[in-house]
């Protein structure tokens, strides 16, 4: 006949030896105790650590019967992780019925917390990598702005054709302006008869002089003697 009380007492003693600072007995009849489980120290102060507190209560026929357990709110894992740990422990209990299992359950919980730390580190590394890629892309864009667009033979020919056309138009305008400056007044008049009318248009009404032609006719009738020396 199995002495369940003795098996339970022996497991309690073993757990107290393995987890001297993390193990707390709450009662002895039945046995009820806490085990605080923490993720392993990675040696990096920037890595976040996690902890979960498991509470176990032995049933009269434990370990042939599953212990009563819960994940308390004393740790720093969120509600979703508490549910994941609960599912994990339930599976392990079913697989280990008939043998002392608390050490296995605590070890599985610690492995879960270690994996959570690793996942956090992986996310941080991915974020850092993305930031580095964005920074490299930004730096490359700045370098392209400084260097300008690389020119191929096709793009050079297109640019040269446009450049030659612009230079020809500029040359024709310059030649036309030079020729206009060298023309005399007569040549300008012959090229554009409107210049006279345009000059008259510039005169104000006060600048214009009306000539009476009849005065010149009367002067022809005068008999003007011119003394000879």
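Residue numbers (the working numbering): 1249 to 1477. In this text, a Cβ means the ideal position worked out from N, Cα and C, and glycines have one as well.
- Taking C-beta atoms under 8 Å as the contact rule, residue 1278 and residue 1305 qualify, at a distance of about 6 Å.
- Contact between residue 1301 and residue 1284 is confirmed by a C-beta separation of about 5 Å, below the 8 Å threshold.
- Linking residue 1358 to residue 1352 through their CA atoms gives a straight-line distance of about 10 Å.
- Annotation: residue 1290 to residue 1296 spans about 9 Å, alpha carbon to alpha carbon.
- Taking 8 Å as the cut-off, the beta carbon of residue 1362 is found closer than this to the beta carbon of residue 1288.
- Boundaries of the alpha helix (DSSP H) harbouring residue 1252: 1252-1266, taken from the DSSP string.
- Contact check for residue 1325 against residue 1298 passes: the beta carbons are separated by less than 8 Å.
- Residue 1255 is a Cβ neighbour of residue 1311, given a cutoff of 8 Å.
- Under the DSSP assignment, residue 1302 falls in the beta strand (DSSP E) whose first and last residues are 1299-1305.
- Residue 1328 carries a helical assignment under DSSP once its states are collapsed to helix, strand and coil.
- Our two residues, residue 1420 and residue 1378, have alpha carbons roughly 56 Å apart in a direct line.
- When Cβ pairs closer than 8 Å are counted between the two stretches, the segment 1338-1352 is seen to touch the segment 1314-1329, the count reaching three or more.
- The three-state secondary structure of residue 1337, taken from DSSP, is helix.
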